[in-house]
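Student:
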Amino acid sequence: MVFRKDEVGTDEGVSRSGRRTRPGRLRMRARSVCLALALAQPVLAQETQSSSPEQEVQKEQPAGGAAAVLDAVVVTGTADEEKKKAIGNTSGASKEDIERRNASHMSDLIDQVSGTSVNSLYSRPEVSVGVQGIAGHGRVAQSLEGINQNFHAFTRDIGQTGSIFIDPQFLRSIDVTRTGSTGTGALGSLGASVNFEYLDVDDILLPGKSFGGMVRGSTGFSKYGNGQKPSGSFFLGGRNERWDAMVGASRSKNDPYRIGDNISNDDLMHSMHGRNMDFRQSFDNRINVNEHGPCRYLANGYIGLANCGLTAQQAKWLKQAAKEPLKGTQRENESQMLRLRHYLQDPYNQSLELFVSSSKAKYQTDQQPAIYVPLDENSTPDDYWADGDASWFDQPWSVRAQLKSQVAALKWKGNFSELINPRVQIYHEKQDRKQNWTGASDGYGAHQPMHYFTDISSTGIKLSNDSHFDAGLLGPLRLDIGAEYRHARKRVDSLTESEYYEKWLQSTGRDIDVMRFDPDSRTKTAGLSLALSTAGDGPWQANASVGFQRVWLDVLNPVYGVGNISQAGVEYGTSYWRNHYRNLGYSGAELRELAAAATAESQARLRTDPSYGGTRTVREQQDHKFDLKSASLGLSYTPRGTGLTFYGQVGYSERAPTSNEMYMHGQIYRATFYANPHLRPEENLSFQLGMNYQNGNWLADNDRLAVGINLYRNRIYNQIIWGPFLVEGEPWSGVGNGSGSVNNLNDFIRQGIELNLAYKQPLFYVRSNLTLPIRHNNKTCSWQVPSGRAYLTGTTADGGISYTDIGKGERLCYSSWNWMETGIVEPIRGSLTAALTPYQGRLEMGGTVHFRGKQRSAYWYDRDVQNDYHLGQQAGQTQPIPDKSQFVDAYLWPKVVKFDLFVNYQFSDQLKAGIYLANVTNKMEATPTTWGYNFYPGRTLTANMEYRF
């Protein structure tokens, strides 16, 4: 961060809205509030952003005459104020970070923030952010301009749900909060939140100008353009004493990109999960080119433990295919935005702001790459060879998707007194997702067209107020109160493998009910939050917050199967009752009538619906209500004159299950998944402990050093995972279980250390972040009967069918169906950026090194369960099968080190341009998904420019 002493105490560079002060308030109050909010977000990895007027005064302004350098900011206040504001400023992504990278994909930005990761494919336009190892299904609150947007929709790669559509060309900043969020937007999540802010009028106008615009453009070029087509954005804005207005539009296109090919055969053979990579040839089915390579563990017949790499020949074929663009990584998207702000020019600083954003995209997702091997026609099963280079297989393997997203919000605020400073925001948002794909060759809908369409919309209102008062011995305090009400609706139209399976059953002459794969739903939420924080300038600061949210979830049109047994007992059939009444002397029609009546009565006594047999179909609307709680407590200490701040924070939060977690019902790859309406909310106990250090004039005049360390631990109870279970009321023979969403009985723990460092002098800067997860193997166990009601069947001596209540059944421990995600061992991640900034910062030349450690998953090997499938030591197996139940490590992908280079030059206040060369050494990088691989681009060279007028 650059501190400009010549601007201390002036209004230069501050917007008109920022210069307005609250009636009766002293500007020095900003210092106190800044301290309190720094405590609320106490890690080096984030820059506090608040809607309070004081913080708006200090909101980062564009450095019009300076190049894009590290954290340049113009402030009003004293040096001490700025130091306190700088606490935790390196973990989110600032405007300068975004401009420097000029990313067309959100992954390139988020992967450089400590403690965060992207829980979705690189080429997708929408993003699901993970924070400290927690992600998916709204566990992290994601918002655009403060409006929560965790849209839930099913994909075959389960972890990718819970997404938000952000256009990188509009993006101004990314604000990451680890825990202790005090607003209503974080209610219903597990504590962490990510807020994306779009550009404002100040970001596009030249200094001192009241009207103008900005044009941005970028393109890949040379043979390393790698699919990056010309893309750009245009902004126009202006202001006067009463109005701020801004419009923007963007369009981008990416052709399929090439992945890197720089990787050793040894890594592909011994550190990759090769079972997610498919090799095919078409002319001779007797020849198997999809054989596995060396296996770390191999227990045939039980999926999951076949952790094998590629053969040497397959590694060669993969590298050959990598020289051509990877089909399915193309993308097109366009966006528009409007920001209109009106100042009432009254004594209470009242203002109205309208924000509208609309985006749409075409792309492909759920990557399952396959490689075509052109075998010579003279090849035999024992001696085969390729006739030319291998290439990506041309059969559709991914999901073709179209996505539209709209957000509209109207916000009013005013500052009436120390105690009354209200904010009101009314919003509407919508996401329309259309996914089409071709059925896999081994499913019930092989090679058949399938689709899954969701239309999700919500409307809501947010109310908030901040009050400032003096509490005597406690000093100045701040009280924030917030309330929010939201009404959301989800509509689903699907034709999936599940429907094809049911059609197949009907073709065999069976009379079945057609189940609904993912039903429509309606969700209403009402939330309230209270936060109290110190607002003085003492060394000790504290805050506390509590929140409550009630969720009404109505599943509107479910069709799913459950058991039909309502209680324990013995059921006798017609033969039993005929013998019974025959022994009593009855015969003929009278005997048959009595036996039929007794049979019906016996069945009616034990069955929920006598018209069904052992199972029945539920079609009625299902209503659920969840009461979710949250709380946090934080404390920090800043010894005067040291530049040090020590802090600690503990938080508790809860998340309700989503409709598709509870009610998704059907076939996926010949595995049957059942609805489970008995899921309990997830709970997270989060702990953060750390230290920040700030120092100026450390080694030289006008230099600045910022160092931070943060220890985190998240402990999740009732984690929702995929696992085996029996449905409610099921008559169970004692063999087998269904599958679906269940609550983990064991604590799910994510813990680690975040390190951040930033050092800047006028001629250069260095910044780095490193996330060091502390390993904890998370064992997954669940009750066999989540509903607490299932019945073991048997036969009595007199021929009756007995039903014995087994309660919750056994405690089952296993590796989840999508074990690669639930058992992931978080890898070490980090980046280091260094650059020279001569000519008063107008020139910036530097590079970034990225590191991702070896990717592994901890697989629970249950000797008692899997021993029956074990075929002994397998040829090529590098690790012995354990002789007892324990965790074993499955290797997924080797460690990766990548290098980027960049040059940016500010020609004038109006024009700047740059070049970015990503992945200089063309390293092959990927992350595994449930079914395939998410490959990152290889070497890519792009040029970008920005012109303001």
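Read in order, the letters of the sequence shown correspond to residues -45 to -1, 1 to 904 in mature numbering (1 follows the signal peptide of the UniProt record, and there is no 0). Even glycine gets a Cβ: it sits at the ideal position worked out from N, Cα and C.
Can you tell me where the beta strand (DSSP E) holding Asp410 begins and where it ends?
Tutor: Counting from one through the sequence shown, the residue named residue 410 turns up at place 455. Residues 404 to 425.
Student: Does the region 704 to 714 touch the region 741 to 755, meaning 3 or more C-beta pairs lie closer than 8 Å?
Tutor: No: fewer than three Cβ pairs fall under 8 Å.
Student: Taking the beta carbon of Gln4 as the centre, do at least 16 other beta carbons fall within 10 Å, making it buried, or is it exposed?
Tutor: Start at 1 with the first residue of the sequence shown, and residue 4 comes out as number 49. Because the pLDDT at Gln4 is just 35, under 50, the model does not fix this residue reliably, and the value given afterwards should be weighed accordingly. The residue is buried, with at least 16 neighbouring Cβ atoms inside 10 Å.
Student: Look up Gln236 in the DSSP assignment and give the residues it is bridged to.
Tutor: Along the sequence shown, one-based indexing puts residue 236 at 281. Its beta-bridge partners do not exist; DSSP assigns none.
Student: In chain order, what are the residue ranges of uninterrupted beta strand (DSSP E) at least 3 long that sit wholly in the region 519 to 591?
Tutor: Taking only runs of at least 3 residues, the beta strand (DSSP E) segments lying wholly in the region 519 to 591 are 524 to 526, 570 to 573.
Student: Would Glu287 pass as an interface residue toward chain C - the criterion being a Cβ-Cβ separation below 8 Å?
Tutor: Judged by its chain identifiers, the structure shown contains no chain C, having just a single protein chain.
Student: For Asp63, count the other beta carbons within 10 Å of its own beta carbon; 16 or more makes it buried, fewer makes it exposed. Which is it?
Tutor: Against the sequence shown, residue 63 aligns to sequence position 108. The residue is buried, with at least 16 neighbouring Cβ atoms inside 10 Å.
Student: Does DSSP classify Glu439 as helix, strand or coil?
Tutor: Within the sequence shown, numbered from 1, the residue matching residue 439 stands at position 484. Of the three classes helix, strand and coil, the one that applies to Glu439 here is strand, per DSSP.
Student: Note down the Cα distance separating Ala789 from Val875, rounded to an integer number of angstroms.
Tutor: Here the question's residue 789 lines up with position 834 in the sequence shown. Here the question's residue 875 lines up with position 920 in the sequence shown. Rounded to whole angstroms, Ala789 to Val875 spans 16 Å at the Cα level.
Student: Between the alpha carbons of Asn195 and Thr726, how many angstroms are there, rounded?
Tutor: The residue you call residue 195 lines up with position 240 of the sequence shown. The residue you call residue 726 lines up with position 771 of the sequence shown. Spanning the two alpha carbons is a distance of roughly 46 Å.
Student: Along the alpha helix (DSSP H) that carries Gln268, what are the first and last residues, could you check?
Tutor: Your numbering for residue 268 matches position 313 in the sequence shown. Its alpha helix (DSSP H) spans residues 267 to 276.
Student: Please check the pair Ser694 and Tyr629, which I expect to be a contact at CB under 8 Å, by giving their CB distance rounded to whole angstroms.
Tutor: Reading the sequence shown from its first residue, position 739 is the one you call residue 694. Reading the sequence shown from its first residue, position 674 is the one you call residue 629. At roughly 7 Å, the Cβ-Cβ gap stays under 8 Å, so Ser694 and Tyr629 are in contact.
Student: Say whether the region 464 to 481 touches the region 518 to 535, bearing in mind that this needs 3 or more beta-carbon pairs closer than 8 Å, one atom from each stretch.
Tutor: The region 464 to 481 is not in contact with the region 518 to 535.
Student: What's the gap between the Cα of Ile159 and the Cα of Leu299?
Tutor: Here residue 159 refers to the residue found at position 204 of the sequence shown. Here residue 299 refers to the residue found at position 344 of the sequence shown. Approximately 23 Å between the Cα atoms of the pair.
Student: Taking only three categories from DSSP, how would you classify Ser219?
Tutor: The count along the sequence shown starts at 1 and reaches residue 219 at position 264. Ser219: coil per DSSP, three-state reduction.
Student: When the distance is taken between beta carbons, is Arg807 closer than 8 Å to Arg784?
Tutor: If you number the sequence shown from 1, residue 784 lands on position 829. If you number the sequence shown from 1, residue 807 lands on position 852. Yes, they are a contact pair.
Student: Do you know offhand how far Tyr527's Cα is from Val469's?
Tutor: To locate residue 527, count along the sequence shown from 1; it is residue 572. To locate residue 469, count along the sequence shown from 1; it is residue 514. Rounded to whole angstroms, Tyr527 to Val469 spans 30 Å at the Cα level.
Student: Please list the terminal residues of the continuous alpha helix (DSSP H) segment that includes Asp63.
Tutor: Walking along the sequence shown from the start, residue 63 turns up at place 108. Taken as a continuous stretch (DSSP letters only), the alpha helix (DSSP H) holding Asp63 covers 62 to 65.
Student: Is the distance from the Cβ of Asp855 to the Cβ of Leu872 below 8 Å?
Tutor: Translated into positions along the sequence shown, residue 855 becomes position 900. Translated into positions along the sequence shown, residue 872 becomes position 917. A contact, by the Cβ cut-off of 8 Å.
Student: Taking the C-alpha atoms as reference points, what is the distance between Phe890 and Tyr77?
Tutor: In the sequence shown, counting from the first residue as 1, residue 890 sits at position 935. In the sequence shown, counting from the first residue as 1, residue 77 sits at position 122. Rounded to whole angstroms, Phe890 to Tyr77 spans 7 Å at the Cα level.
Student: Say yes only if the C-beta of Leu588 is nearer than 7 Å to one or more non-hydrogen atoms of the ligand NAD, and no if none qualify.
Tutor: For the structure depicted, the ligand NAD is absent and the ligand set is empty, with no information on it obtainable.
Student: For Leu223, is the classification buried or exposed, using 16 other Cβ atoms within 10 angstroms of its Cβ as the cut-off for buried?
Tutor: Mapped onto the sequence shown, residue 223 falls at position 268. So Leu223 ends up on the buried side.
Student: May I have the straight-line CA-CA distance separating Gln861 from Arg294, to the nearest angstrom?
Tutor: For the purposes of this step, residue 861 is identified with residue 906 of the sequence shown, where counting begins at 1. For the purposes of this step, residue 294 is identified with residue 339 of the sequence shown, where counting begins at 1. One C-alpha to the other measures close to 27 Å.
Student: Determine the extent of the beta strand (DSSP E) in which Leu487 is found, giving its start and end residues.
Tutor: In the sequence shown, the residue the question calls residue 487 occupies position 532. 476 to 489 is the extent of the beta strand (DSSP E) around Leu487.
Student: Keeping to the same chain, check which residues put their C-beta closer than 6 Å to that of Lys458; ignore five residues upstream and five downstream.
Tutor: As a first step, residue 458 must be located in the sequence shown, where it is residue number 503. Around Lys458: no qualifying Cβ.
Student: Would you kindly work out how many angstroms separate the C-alpha atoms of Ile129 and Val149, rounded to a whole number?
Tutor: One-based indexing of the sequence shown puts residue 129 at position 174. One-based indexing of the sequence shown puts residue 149 at position 194. When rounded, the distance between both Cα atoms is 7 Å.
Student: Between Tyr303, Ala147, Gly168, which lies nearest to Asp157 when the distance is taken from Cα to Cα?
Tutor: Counting from 1 along the sequence shown, the entry for residue 157 is found at position 202. Among Tyr303, Ala147, Gly168, the Cα nearest to that of Asp157 belongs to Gly168.
Student: Skipping 5 residues on each side, what residues in its chain have a beta carbon closer than 6 Å to that of Phe472?
Tutor: Counted from its first residue, the sequence shown places residue 472 at position 517. Around Phe472: Ser449, Thr451, Ser453, Gly621.
Student: Inspect the CB distances between the region 536 to 544 and the region 566 to 584 and report whether three or more fall short of 8 Å.
Tutor: Result no; under three Cβ-Cβ pairs closer than 8 Å.
Student: With respect to the beta strand (DSSP E) encompassing Asp656, which residues constitute its N-terminal and C-terminal limits?
Tutor: Stepping through the sequence shown from its first residue, residue 656 is reached at position 701. Where Asp656 is concerned, there is no enclosing beta strand (DSSP E), given that its DSSP letter is neither H nor E.
Student: For Lys317, tell me which candidate among Ile375, Leu374, Cys263, Gln390 has the shortest Cα-Cα distance.
Tutor: Working through the sequence shown from its first residue, we reach residue 317 at position 362. Of Ile375, Leu374, Cys263, Gln390, the residue nearest in Cα terms is Gln390.
Student: If you draw a straight line from the alpha carbon of Arg235 to that of Lys809, how long is it in whole angstroms?
Tutor: For the purposes of this step, residue 235 is taken as residue 280 along the sequence shown, with counting starting at 1. For the purposes of this step, residue 809 is taken as residue 854 along the sequence shown, with counting starting at 1. Rounded to the nearest angstrom, the two C-alpha atoms are 28 Å apart.
Student: So, are the CB atoms of Tyr212 and Thr284 less than 8 Å apart?
Tutor: Residue mapping note: residue 212 aligns to position 257 of the sequence shown, counting from 1. Residue mapping note: residue 284 aligns to position 329 of the sequence shown, counting from 1. Taking 8 Å as the Cβ cut-off, Tyr212 and Thr284 qualify as a contacting pair.
Student: Across which residues does DSSP place Pro686 in a beta bridge pair?
Tutor: Residue numbering aside, residue 686 sits at position 731 when the sequence shown is read from its first letter. In the DSSP output, where bridge partners are listed per residue, Pro686 has Tyr746.
Student: Under 8 Å: do the region 371 to 391 and the region 354 to 362 share three or more Cβ pairs, one atom per stretch?
Tutor: Segments in contact, yes.
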